[in-house]
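Read top to bottom, the protein sequences are chains A and B.
Read in order, the letters of the first sequence correspond to residues 1 to 277 in the numbering used here.
Read in order, the letters of the second sequence correspond to residues 1001 to 1262 in the numbering used here.
Backbone N, C-alpha and C define an ideal beta-carbon position, used for all residues, glycine too.
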Amino acid sequence: MPASRVLPYYERPAIRGGQEDALLITAAGLNQTYVSQDRSVVPALADVSLAVAPGEFVTIVGPSGCGKTTLLRILGGLLRPTSGTVHLLGRAVTGPSRNVGIVFQDPVLLPWRTVLDNVLLPVQVLRLDRQTYRARALDLLGLVGLKGFEGKYPHELSGGMRQRVSLARALVHDPALLLMDEPFGALDAMTREAMNLELQRIWRESGKTVAFITHSISEAVFLGDRVVVMSPRPGRIADVVTVELGRPRDLDLMASDAFGVYARKIRQALGPRGMLE
Amino acid sequence: MTLRDVRQRPHVVLIPLVFVAFVAAWESIVRAWRIPDYLLPAPSAIARALGLGLTNRLYVEHAWVTVSEALLGFLIAAATGVVLGTVIAQFRLVERTLYPYVVAFQTLPKIAVAPLLVVWLGFGVSSKIVIAALVAFFPVLVNVIVGLKTVDAPKLDLMRSLSATRWQTFRFVTFPNALPFVFAGLDIAVVFSVLGAIVGEFVGSQRGLGNLILQFNTALDIAGMFAVLLLLAALGVALHLIMQAIQRRVIFWAQPDHVIGA
Ligand SMILES: Nc1ncnc2c1ncn2[C@@H]1O[C@H](COP(=O)(O)OP(=O)(O)O)[C@@H](O)[C@H]1O
Ligand SMILES: [Mg+2]
Chain A
1 MPASRVLPYY
11 ERPAIRGGQE
21 DALLITAAGL
31 NQTYVSQDRS
41 VVPALADVSL
51 AVAPGEFVTI
61 VGPSGCGKTT
71 LLRILGGLLR
81 PTSGTVHLLG
91 RAVTGPSRNV
101 GIVFQDPVLL
111 PWRTVLDNVL
121 LPVQVLRLDR
131 QTYRARALDL
141 LGLVGLKGFE
151 GKYPHELSGG
161 MRQRVSLARA
171 LVHDPALLLM
181 DEPFGALDAM
191 TREAMNLELQ
201 RIWRESGKTV
211 AFITHSISEA
221 VFLGDRVVVM
231 SPRPGRIADV
241 VTVELGRPRD
251 LDLMASDAFG
261 VYARKIRQAL
271 GPRGMLE
Chain B
1001 MTLRDVRQRP
1011 HVVLIPLVFV
1021 AFVAAWESIV
1031 RAWRIPDYLL
1041 PAPSAIARAL
1051 GLGLTNRLYV
1061 EHAWVTVSEA
1071 LLGFLIAAAT
1081 GVVLGTVIAQ
1091 FRLVERTLYP
1101 YVVAFQTLPK
1111 IAVAPLLVVW
1121 LGFGVSSKIV
1131 IAALVAFFPV
1141 LVNVIVGLKT
1151 VDAPKLDLMR
1161 SLSATRWQTF
1171 RFVTFPNALP
1181 FVFAGLDIAV
1191 VFSVLGAIVG
1201 EFVGSQRGLG
1211 NLILQFNTAL
1221 DIAGMFAVLL
1231 LLAALGVALH
1241 LIMQAIQRRV
1251 IFWAQPDHVI
1261 GA
C-alpha cells in the first residue's frame, strides 16, 4: 500500500470536524489507585482523558513510576481502572480485545517455540486459520527485518531481534490498535534509533494506530504525531504537544531546530522533577 | 591432550588421578597390614569378584530384576506425580484440601513402610515396585507443583491479552514452562526408585541386587558386596545420564542452572 495513504491525524477531515465516532480509542476520567502490600494506597493515575484517532501515532512520555504502564494496561483491557471508562471503536472496554496488539516492555517470547511459532501464537489462541496467517506471519517477519530467522529460537537472537519478533506477534492478527510499552528501553542507543526508524516505516506501511510509551523525550518527538506528557505520580496529563514535522522522519531531523523546539517544550511540560535526558 | 588443555582444565587430569591414588593407597594398605578379606578386601580382589560375577551372569540376572523393579516403580511415580501435581497446581480447592496430606506423607520416611508392603504384597517383585514408586513419587509431585506455579507474570499477561482460555494458557505456557522443573524431579526420582527397590529387597525377597548383598553378607563375601555396590553405582550413573540425555532433547531451551533441585 502507498505510504501516502496514511495522513497525520490532524490533517484528517473527520478529526478536524471533531467527530467523536471517528476516534479509535478514547479514555475518559481514568483514575487508578493501587493498594500496596503494606495496605497503603498508591495513587497511580489521576483523571487521565485521552482520544486517539485512527492511524495516529501517539507517544506518551513521563518519568518512571508516573503510571505509564498502568495507563497502557487499562487501554489494553488488562486492568479495570478504579474509575473512568475506555472505549475502543465505539465499544466500552471491559477486557482484552482482539483489536489490540500489545508489545510489552520485555519481548515475552516463549523460549520453546521458534520465531515463526511465537509470531503465530495469537493465531493459535484466537483459532484463526493457520495456513492463511502463516503467510502473513512470514511477511511480517520480513517487514521487521527478520527474513530467514523464522526457524530460530529466541535464545539464538539478540535483544533487538527479540523485540522485533514481539512486534510481529502483536501485528499478526491484524489489530486496529498497537500498544507499546517502552519496547526499546532495554536496547542500546544505536539499536534503538534503528528500531525507531523501522517502527515508523512499519506504522506507515500498515496503517495501524499506535500508542507508544517511552521515557525518552527525543523518542517521543521523533515518533509521535502527538506527544502526551505525563506528570510524576500520580500520573496526570501535563500537556499534549502536536508534532507537525513531516513524514517520513529521518535521524538527521533530531539535530534540527524544529525538533529541538518540540523537545524543549516537552521538557518544560515535564517540569523540574521530570528531567529525563 | 596438550599441556595447555591441562592448565586450563586441571580437573580433567585430577579426577582420574584421585581415583588411581585412592585405589593404589587402598591396595597397598590392605597388603602391607595383611588385612583379611572378610574385613576389607583389596581393590584387586573386588575386581576379581566383579569379573567373575559378570561372566557367569549371576550379577546380570539379579541386576535385571532390580532394574525392572526400579524402572516400573519410576514410571508409576512419574505418571501419578505429573497427573496429581497438575491437578493440585490447577485447582485451588484441591490444593488446599490435599496439601496438608502431601506435606505429612512427604515428611514420613517412606522406606519405613517397606516391611508392611512386603507383608501385603509378598516377597515377589510387586512389593518392590510399589516401594520404588512410593519413594520416587514425591520428588516428582513437588517439582511438578512448583514448576506449574513459577510462570512469570508477563507470560500470563500475554495470554490474557489474547483472551486465552485456561486450557490454552496451560497448554501453551504453564506446562512447557514447568518442564525443566519436572525433569529435575524425574532425575531425582529415577535414582530414588533404585533406592526403593533395594530397600524392598532387603526387607524380603528372593532375587535382585539387594538380595545378593544380603547373601554375600551372610557368607562374609565382602569382595562380592563391594562388587555389587560398584554395580549399583554404575547403574545410578547410567540412569542419570539417560535422564540427562532425554532432558537435553526435550527442554533444549533451558539451561541446567535455571532449574532447582528437590
Ligand atoms: N500492582 C501494583 N500494586 C501496587 N502498586 C503498583 C502496582 N503496579 C504499579 N504500582 C505503582 O504505581 C505507580 C505507577 O506504576 P507504572 O504504571 O508501572 O509506572 P511507569 O510504567 O510509568 O513506570 C508506581 O509507583 C508503582 O510502584
Ligand atoms: Mg512501565
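Boundaries of the alpha helix (DSSP H) in which residue i is found, first to last residue
{"i": "A/R226", "result": "Per DSSP, A/R226 belongs to no alpha helix (DSSP H); it is in the beta strand (DSSP E), R226 to M230."}
{"i": "A/V123", "result": "L121 to V125"}
{"i": "B/V1094", "result": "R1092 to T1107"}
{"i": "A/K68", "result": "K68 to L75"}
{"i": "B/I1213", "result": "L1209 to T1218"}
{"i": "B/V1006", "result": "L1003 to Q1008"}
Helix, strand or coil at residue i [DSSP, three-state]
{"i": "A/V48", "result": "strand"}
{"i": "B/V1151", "result": "coil"}
{"i": "A/A176", "result": "coil"}
{"i": "B/A1077", "result": "helix"}
{"i": "B/I1035", "result": "coil"}
{"i": "B/T1055", "result": "helix"}
{"i": "A/V243", "result": "coil"}
{"i": "A/F149", "result": "coil"}
{"i": "A/T59", "result": "strand"}
{"i": "A/D257", "result": "helix"}
{"i": "A/A238", "result": "strand"}
{"i": "A/T26", "result": "strand"}
{"i": "B/L1162", "result": "coil"}
{"i": "A/L223", "result": "helix"}
{"i": "A/L89", "result": "coil"}
{"i": "B/L1040", "result": "coil"}
{"i": "B/Q1168", "result": "helix"}
{"i": "A/D38", "result": "coil"}
{"i": "A/S166", "result": "helix"}
Beta-bridge pairing of residue i - partner residues as DSSP gives them
{"i": "A/N31", "result": "A/S83"}
{"i": "A/P43", "result": "A/T33"}
{"i": "A/D181", "result": "A/I213"}
{"i": "A/T114", "result": "Answer is none; A/T114 lacks a bridge partner."}
Own chain, CB closer than 6 Å to residue i, minus 5 neighbours either side, in chain order
{"i": "A/Y133", "result": "V123"}
{"i": "A/G278", "result": "In the structure as shown, chain A starts at 1 and stops at 277, and residue 278 of chain A therefore has no counterpart that could be examined."}
{"i": "B/Y1038", "result": "L1220 and I1222"}
{"i": "B/T1169", "result": "M1159"}
{"i": "B/E1095", "result": "I1088"}
{"i": "A/T26", "result": "A51 and H87"}
{"i": "A/Q32", "result": "A44, L45, T70, P81 and T82"}
{"i": "B/I1076", "result": "A1133"}
{"i": "A/F104", "result": "D181"}
Residue range of the beta strand (DSSP E) that includes residue i
{"i": "B/F1181", "result": "Looking at the DSSP string, B/F1181 is not in any beta strand (DSSP E); the run it does join, the alpha helix (DSSP H), is F1175 to V1203."}
{"i": "B/A1245", "result": "Looking at the DSSP string, B/A1245 is not in any beta strand (DSSP E); the run it does join, the alpha helix (DSSP H), is I1222 to V1250."}
{"i": "A/I202", "result": "Element bounds for A/I202: not the beta strand (DSSP E) but the alpha helix (DSSP H), A189 to S206."}
{"i": "A/T214", "result": "T209 to T214"}
{"i": "A/G95", "result": "Element bounds for A/G95: n/a, residue is neither H nor E."}
{"i": "B/V1119", "result": "Not the beta strand (DSSP E): B/V1119 falls in the alpha helix (DSSP H), residues A1114 to L1121."}
{"i": "A/V100", "result": "V100 to V103"}
Close beta carbons around residue i, own chain, < 8 Å, minus the five adjacent residues each side
{"i": "B/G1236", "result": "V1191 and V1194"}
{"i": "A/H173", "result": "R98, G101, P122, V123, L126, L128 and Y133"}
{"i": "A/P2", "result": "Confidence is the limiting factor: at A/P2 the pLDDT is only 41, short of 50, which leaves the residue's position unreliable, though a coordinate-based value still follows. Correct list: empty, nothing qualifies."}
Proximal residues to residue i (C-beta, below 7 Å), its chain only, five neighbours per side dropped
{"i": "B/A1114", "result": "I1131, V1199, G1200 and V1203"}
{"i": "A/R169", "result": "N118, V119, L121 and P122"}
{"i": "B/Q1206", "result": "F1123"}
{"i": "A/P107", "result": "R162, Q163, V165 and S166"}
{"i": "B/P1139", "result": "G1185, I1188, A1189, F1192 and A1262"}
{"i": "A/S206", "result": "L171"}
{"i": "B/T1086", "result": "V1144 and L1148"}
{"i": "A/G76", "result": "P96, V100, I102 and L179"}
{"i": "A/A186", "result": "G159"}
Interface residues of chain A facing residue i [CB-CB closer than 9 Å]
{"i": "B/F1175", "result": "Within chain A, no residue comes near B/F1175; the closest Cβ sits about 10 Å away, beyond 9 Å."}
Within chain A, partners of residue i - CB distance below 7 Å
{"i": "B/W1253", "result": "P111, W112, Y153 and H155"}
Amino acids of chain B, ordered along the chain, whose beta-carbon sits closer than 9 Å to that of residue i
{"i": "A/F149", "result": "Simply none; closest approach about 16 Å."}
{"i": "A/F184", "result": "Here the premise fails: no neighbours, minimum Cβ distance about 17 Å."}
{"i": "A/G95", "result": "R1160 and S1163"}
Where residue i meets chain B, residues with beta-carbon distance less than 7 Å
{"i": "A/V108", "result": "P1154, K1155 and L1158"}
{"i": "A/G159", "result": "The contacting residues do not exist; A/G159 stays about 15 Å from chain B at best."}
Min CB distance residue i to chain C below 8 Å
{"i": "B/Q1168", "result": "The structure shown contains no chain C; its protein chains are A and B."}
Per-residue contacts from residue i into chain B (C-beta, under 8 Å)
{"i": "A/P54", "result": "Chain B residues near A/P54: none, gap ~21 Å exceeds 8 Å."}
{"i": "A/R98", "result": "L1162 and S1163"}
{"i": "A/F104", "result": "P1154, D1157 and L1158"}
{"i": "A/G76", "result": "S1161"}
Proximal chain A residues relative to residue i, where beta-carbon distance stays under 8 Å
{"i": "B/F1138", "result": "Neighbours of B/F1138 on chain A: none; closest Cβ ~26 Å, over 8 Å."}
{"i": "B/F1172", "result": "L110, L121, Q124 and V125"}
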